[in-house]
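Engineer: Quick one: the structure is below, questions incoming.
Numbering (the numbering used here), first residue to last: 1 to 194.
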């Protein structure tokens, strides 16, 4: 494994661990503070992405999440795309079923095929939820950036009060897996990012 690829996988894995910690999953301090050198020593010079797979449990419940790092194969086209297909998706859902895990994160190097993207909706109707992130999205933890304000999920009362005040629909980051929640942003100053 070249140093550039090792650094990329280390940074992606670190961001995933921080994300899971932020979402309330049990992540060990040793995992969060692991150095790149320790990472390479643990996984070797040329680790398989499947060896990076991990499972974590929520601190306050039995809910688990699995993180997959598929090793995509060429789709066979002359363009040399390396996409994750429907066969891969079905394989990961079978692993989730076997281990009784309903939530997963899939970290892909490139893209999902269009059929695999469509498969995500079908999988969700069966009670299995897979979030997909590209490696490039996880090189930096966006919640640590100095210009990104702290995000909070609003209570039902706060949500109703806000919706009465504003007729605004804003999308929330997939980072925290906040579906159908209204989020308050806290900024250092009222004039920030205007």
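Beta carbons: idealized from backbone N, C-alpha and C, even for Gly. These numbers come from a predicted model, not from an experiment.
When DSSP labels each residue in this structure, what does residue 137 get in the three-state scheme?
Structural biologist: Correct three-state label for residue 137: helix.
Engineer: Leaving out five residues on either side along the sequence, give the residues of the same chain with a beta carbon under 8 Å from the beta carbon of residue 48.
Structural biologist: Excluding sequence neighbours, residue 48 sits near 71.
Engineer: Which class does residue 145 belong to by DSSP, given the choice of helix, strand or coil?
Structural biologist: Coil at residue 145, not helix or strand.
Engineer: Which residue wins for smallest C-alpha separation from residue 65, given the options 83, 45, 97?
Structural biologist: Checked all of 83, 45, 97; the closest Cα to residue 65 is 97.
Engineer: Whole angstroms are fine: how far does the CA of residue 90 sit from the CA of residue 229?
Structural biologist: Because the chain is modelled from 1 through 194, residue 229 falls outside the range shown and cannot be assessed.
Engineer: Quick one: using the 10 Å Cβ neighbour count with 16 as the cut-off for buried, is residue 165 buried or exposed?
Structural biologist: So residue 165 counts as exposed.
Engineer: Between the Cα of residue 177 and those of 116, 24, 14, spot the shortest distance and give me the residue it belongs to.
Structural biologist: Among 116, 24, 14, the Cα nearest to that of residue 177 is on 24.
Engineer: Name the two residues that bound the continuous alpha helix (DSSP H) containing residue 95.
Structural biologist: It spans 86-98 - the alpha helix (DSSP H) in which residue 95 sits, taken as one unbroken run.
Engineer: First and last residue of the beta strand (DSSP E) that includes residue 101?
Structural biologist: Segment: none, residue 101 is in no beta strand (DSSP E) and carries neither H nor E.
Engineer: Quick check on residue 54: does DSSP put it in helix, strand or coil?
Structural biologist: If DSSP states are grouped into helix, strand and coil, residue 54 belongs with the strands.
Engineer: Evaluate residue 6 with the Cβ neighbour count: other Cβ atoms within 10 Å of its Cβ, from every protein chain shown; 16 or more gives buried, anything less gives exposed.
Structural biologist: The residue is buried, with at least 16 neighbouring Cβ atoms inside 10 Å.
Engineer: By how many angstroms is the C-alpha of residue 134 removed from the C-alpha of residue 109?
Structural biologist: Roughly 6 Å between the two C-alpha positions.
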